[in-house]
Amino acid sequence: MSNQQPQNIQLSLSHYRYLYCVDLEATCDDLMPGEPSRGLVVTPEEMETIELGLVVIDQGERRIVDSFQSFVRPRLHPRLTPFCKQLTTIEQCEIDTAPRFVDAMQRLNDFANGYAGAA
1 MSNQQPQNIQ LSLSHYRYLY CVDLEATCDD LMPGEPSRGL VVTPEEMETI
51 ELGLVVIDQG ERRIVDSFQS FVRPRLHPRL TPFCKQLTTI EQCEIDTAPR
101 FVDAMQRLND FANGYAGAA
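Quick note on UniProt numbering: the sequence shown kicks off at 1 and runs consecutively.
Here it is in structure tokens:
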């Protein structure tokens, strides 16, 4: 990356008061240490979002001013694999009581709409 690229990004974002920083977690699988070879329960093509996270950064104040978090109940593989639980630290009970993706996204959209002029 050239020295000009970070400056271009900074200039592009300077027009916005708020920045969003998004974090997603997804269903996943891999072999645990010492586990015999097996097929993956969750393949890369079948990964689904299981957590939505967002922080709002006020560029003028240079600090996080708000945050949003929601677990999401997956459809294809509703049972988290041991690997996924270890990697994400998300518990099965948090997923079992979570809204479906469409409902979690609606809540996220409602939250984000409170910050006009965000990037």
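Just so you know, even glycine gets a beta-carbon here, dropped at the ideal spot from N, CA and C.
No experiment lies behind these values; they were computed from the predicted model shown.
Item: Local conformation of Arg-107 per DSSP, three classes; Value: helix
Item: Straight-line Cα distance separating Leu-40 from Gly-34; Value: 15 angstroms
Item: Whole alpha helix (DSSP H) elements within the UniProt domain "Exonuclease" (22-113), 4-residue minimum; Value: 82-88, 92-96 and 101-112
Item: Beta-carbon proximity list for Ala-104, same chain, < 6 angstroms, skipping 5 on both sides; Value: Leu-52, Ser-70 and Val-72
Item: Cβ-Cβ distance between His-77 and Glu-45 below 9 angstroms; Value: no
Item: Range of the contiguous alpha helix (DSSP H) that encloses Ser-14; Value: Ser-14 -> no alpha helix (DSSP H), and no H or E assigned at all.
Item: CA-to-CA distance, Gln-106 to Pro-99, given in whole angstroms; Value: 10 angstroms
Item: Ile-57 beta carbon less than 9 angstroms from that of Leu-108; Value: no
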